Amino acid sequence: MSEAENQELTFAKRLKADTTAVHDSVDNLVMSVEPFSNKENYIKFLKLQSVFHKAVDHIYKDAELNKAIPELEYMARYDAVTQDLADLGGKPYEYGKPLPHETGNKAIGWLYCAEGSNLGAAFLFKHAQKLEYNGECGARHLAPHPDGRGKHWRAFVEHLNALNLTPEAEAEAIQGAREAFAFYKVVLRETFGLAADAEAPEGMMPHRH
Numbered sequence: 001m002s003e004a005e006n007q008e009l010t011f012a013k014r015l016k017a018d019t020t021a022v023h024d025s026v027d028n029l030v031m032s033v034e035p036f037s038n039k040e041n042y043i044k045f046l047k048l049q050s051v052f053h054k055a056v057d058h059i060y061k062d063a064e065l066n067k068a069i070p071e072l073e074y075m076a077r078y079d080a081v082t083q084d085l086a087d088l089g090g091k092p093y094e095y096g097k098p099l100p101h102e103t104g105n106k107a108i109g110w111l112y113c114a115e116g117s118n119l120g121a122a123f124l125f126k127h128a129q130k131l132e133y134n135g136e137c138g139a140r141h142l143a144p145h146p147d148g149r150g151k152h153w154r155a156f157v158e159h160l161n162a163l164n165l166t167p168e169a170e171a172e173a174i175q176g177a178r179e180a181f182a183f184y185k186v187v188l189r190e191t192f193g194l195a196a197d198a199e200a201p202e203g204m205m206p207h208r209h
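In structure tokens form, the structure reads like this:
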């Protein structure tokens, strides 16, 4: 995509275009560790999810963002992940390192990743249901928004675009999104005991499309 074509896109579409490669690498890495093959792996996945959602929880509670995105605070899923862990007999997971605590424009990129993960969670939710977990037990944080995933995502995207960020602010948000995906991969590798530079095996296809 040329720079001119990129500038013609909405902010949300630029976010997607500029993070597709790293997003795909995250999806592939997740599936390569087979998080739904057994309860033990699923608990590791929940621990991973809890670290990421803890890192973004404050963004969902941000007063200014809640003015721009109605009911944003109610979209946070950290509490749901900790409930899922408790359902499986796990304790709230403590990450042994300082968590990122993004603010400002970069935080918008982290929020984009977190909300996008809910849109893509339909695939994960189906796998969790095969382990007999659902929106009432064990897979609460993967359950669809009451409005439906698609409708909720479209409304979220409209609010993102309505922020009317400057090109500089958008660039910061896009960088924030990239850093959020990168952080997720770091925690995934640590949680599942992978090498620090591990990627998914060649030939895996992203499940989002």
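Here the sequence shown is numbered in our numbering, starting from 1 and rising by one per residue. Here a beta-carbon is modelled for each residue, glycine too, at the ideal position from N, C-alpha and C. Bear in mind the structure is a predicted one, so any value in this text is a computation, not a measurement.
Check: Residue range of the alpha helix (DSSP H) that includes threonine 82; Outcome: 78-87
Check: Status (buried if at least 16 other CB within 10 Å, exposed otherwise) for threonine 20; Outcome: exposed
Check: Touching by the beta-carbon criterion (3+ pairs, under 8 Å), the region 97-111 and the region 38-45; Outcome: no
Check: Helix, strand or coil at glycine 138 [DSSP, three-state]; Outcome: strand
Check: Close beta carbons around asparagine 161, own chain, < 7 Å, minus the five adjacent residues each side; Outcome: Thr10, Phe11, Ala12
Check: Exposed unless 16 or more other CB atoms sit within 10 angstroms - verdict on alanine 195; Outcome: exposed
Check: Closer than 7 Å: glycine 120 CB and nearest the ligand SAM heavy atom; Outcome: No copy of the ligand SAM occurs in the structure displayed, which carries no ligand at all.
Check: Beta-carbon contacts of alanine 122 that lie in its chain and below 8 Å, excluding the five residues immediately before and after; Outcome: Pro144, Arg149
Check: Option in Glu71, His141, Tyr133, Lys151 with minimal Cα separation from leucine 48; Outcome: His141
Check: Cβ-Cβ separation, leucine 88 to glycine 138 (assumed contact under 8 Å), whole Å; Outcome: 6 Å
Check: Rounded Cβ spacing between alanine 68 and histidine 159 (contact assumed at less than 8 Å); Outcome: 6 Å
Check: Neighbour-count burial assignment, aspartate 18, 16 or more Cβ in a 10 Å radius; Outcome: buried
Check: Helix, strand or coil at leucine 48 according to DSSP, with G and I counted as helix; Outcome: helix
Check: Alpha helix (DSSP H) segment containing glutamate 126, residue limits; Outcome: Looking at the sequence shown, residue 126 is not glutamate but lysine. 121-130 is the extent of the alpha helix (DSSP H) around lysine 126.
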